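Numbering (this note's numbering), first residue to last: 52 to 337.
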Ligand code: FAD
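In structure tokens, the structure reads:
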């Protein structure tokens, strides 16, 4: 079995110290030759400039193919279109197109900006009209909190592919069956584009639980048990996290999955160890 493809997701840091850590991580992960890397966009559009600066710097100063996350929140169509044109001109040919989390935070009610793109499918259609972007979108095997059902979730994903999306990346999950059930529903709805599993590398269990509760991801008791008693032992938590991620990826790979998208939390070590457990080694410079 050949080594799978990987992509890495980063977030824009808030302080110079965290920024240094981000670039150290980017440089350490670069020799793994990821398919692409992506940079998130803060809730309510709060990191707009920082996201764009990091994505453009990745495009000009590294060998990586960066994708900028863009959301519909708190911006007009002309503002978003300008960002897309600037990306294209700067050599950024990939985006992750999202509705975005509401300005007041995850879990609050979403209202489209009056002059903006309302939902991800509108944004995708807008981006397609500007340039031939590679467009990733989000999807939710355990169903987005705003969706009525799994069927509604898949219909929404189909709308995004019909609007021109290239691939979908899933919200993080821990059970292979959750992913394969979603894949079956998507195939039955006529979706044949790639649906890449998003693999979480958050080793702070309290933070992980908070995120999972907000987005509706179930944490199996076995996983919670593995972190039990490790609140003050970050080193062991890291080892457990890499083991859990690699185990999930290997179970998915056994059934044919050949691309994994890692939520890196801007830390290289967990991605490097998980990739090594999947047989992916850094390319050695001659
Ligand atoms: P959409 O696909 O637009 O759909 C969300 C819901 O809106 C649907 O379930 C449906 O109920 C409703 N809906 C959709 N289209 C229509 C329509 N045409 N008419 C009526 N109702 C409709 N958030 C950020 O803020 N920044 C990020 O960088 C970011 N990155 C992410 C990366 C990934 C891989 C994932 C999975 C999520 C990410 N998110 C990010 C979170 C995402 O923005 C939220 O989950 C958001 O609530 C939904 O975004 P979406 O693009 O999936 O929404």
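Every residue gets a Cβ at the ideal spot worked out from N, C-alpha and C, and that includes glycine.
Remember, predicted model here, so these are calculated numbers, not experimental data.
Candidates 134, 270, 245 and 276: closest to residue 310 by CA position: Ranking 134, 270, 245 and 276 by Cα distance to residue 310 puts 245 first.
Residues near residue 250 in its chain [Cβ-Cβ closer than 8 Å; skip 5 each side]: Cβ within range, chain order: 223, 296, 299, 300, 311, 312, 313, 314 and 325.
The stretch 118-130 / the stretch 89-101 touching (three or more Cβ pairs under 8 Å): Taking a cut-off of 8 Å on C-beta distances, the stretch 118-130 touches the stretch 89-101, as three or more cross pairs fall below it.
Residue 172: CB within 8 Å of a non-hydrogen atom of the ligand FAD: Relative to the ligand FAD, residue 172 has its C-beta within less than 8 Å of a heavy atom.
Spatially closest choice to residue 137 from 248, 334 and 181, by CA coordinates: Of the candidates 248, 334 and 181, the one whose C-alpha sits nearest the C-alpha of residue 137 is 181.
Cβ-heavy atom distance, residue 261 to the ligand ZN, below 8 Å: Looking for the ligand ZN in the displayed structure turns up nothing; the ligands present are the ligand FAD.
Close beta carbons around residue 80, own chain, < 8 Å, minus the five adjacent residues each side: A distance below 8 Å between beta-carbons, with the five flanking residues on each side excluded, links residue 80 to the following residues of its chain, in chain order: 59, 88, 315, 319, 322 and 323.
Cβ pair residue 72, residue 317 closer than 9 Å: Yes, they are a contact pair.
Short Cβ contact (9 Å threshold) for residue 334 with residue 55: Taking 9 Å as the Cβ cut-off, residue 334 and residue 55 do not qualify as a contacting pair.
Residue 233 - containing alpha helix (DSSP H), residue span: Run containing residue 233: 227-239, per the alpha helix (DSSP H) assignment.
Beta-carbon proximity check, residue 143 vs residue 193, cutoff 9 Å: Contact: no.
Bridge partners - residue 122, DSSP secondary structure assignment: Beta-bridge pairing by DSSP links residue 122 to 149.
Residues near residue 176 by beta carbon distance below 6 Å, same chain, minus five either side: Counting only residues of its own chain and dropping the five nearest sequence neighbours on each side, residue 176 has a CB closer than 6 Å to the CB of 214.
Any non-hydrogen atom of the ligand FAD closer than 8 Å to residue 252 Cβ: Outside the cutoff, so no.
Straight-line gap, residue 65 to residue 197 (C-alpha atoms, nearest Å): Those two C-alpha atoms are separated by around 29 Å.
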